Amino acid sequence: MNRLNVLLLATETANIQRVTQFLKAEIPDLNLQRVDSLRLLKRKMNSKNWDVVLVDAAIPSCRYTEALQAVGELIPGLLRLVLMDGLDEEEVVGAMKAGADDLVTINRLERLIPIIYSDLAMDRNKNGKEEIFKQYDL
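Take the sequence shown: its letter number 60 is residue 60 in the numbering used here, and every next letter is one higher.
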């Protein structure tokens, strides 16, 4: 598998340290970069090909829903995941309306890996089909 590029919008907290340690342990070839503001997120979005954006719902510098919308506008189709301490129904609905592809609680980090790899596999499959269509003029 190629290097996985993950952009994390979060402030440094114990929970985010857990997320970072978990991802580094589970994904051998990981490029994980953390930003702590919407402005920096937008700047980083333009500087690299990202595979996934993780947004901490508890980030104090901006509303996480704004961040999700900004990512969707800058790179449509990019996997957007929200990290939450717990699942509140209103928060879940708000995150999904803002464009979250999925939500993961800090206590269920093991869900991150299958979500990410499933999305990457679907992208490869989609890109492969598009190449076949181009190749055969379909």
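All C-beta atoms, glycine included, are put in the ideal place defined by N, C-alpha and C. Every value quoted in this text rests on a predicted model; they were computed, and no experiment measured them.
- Message: If you reduce the DSSP assignment to three classes, tell me which class Asn143 lands in.
- Response: Because the chain here runs from 1 to 138, residue 143 falls outside it and cannot be looked at.
- Query: Taking C-alpha atoms, which residue in Pro114, Val93, Asp85 lies nearest to Ile106?
  - Reply: With distances taken between Cα atoms, Ile106 lies closest to Asp85.
- Message: Using the three-state DSSP reduction, which class does Leu87 fall into: helix, strand or coil?
- Response: Note: Leu87 maps to coil in three-state DSSP.
- Message: Taking its Cβ as the centre, do 16 or more other Cβ atoms sit within 10 Å of Arg80, making it buried, or is it exposed?
- Response: Buried, by the Cβ-count rule.
- Item | CB-CB length for Leu54 against Leu78, believed under 8 Å | Contact doesn't hold; Cβ gap of about 11 Å is too wide.
- Item | Leu138 - DSSP class collapsed to helix/strand/coil | At Leu138, the pLDDT of 35 sits below 50, so the modelled position is not reliable and the matter cannot be decided from this model.
- What did DSSP end up calling Lys129 once you bin it into helix, strand or coil? No answer about Lys129 holds up, because its pLDDT of 44 lies below 50 and its placement is not dependable.
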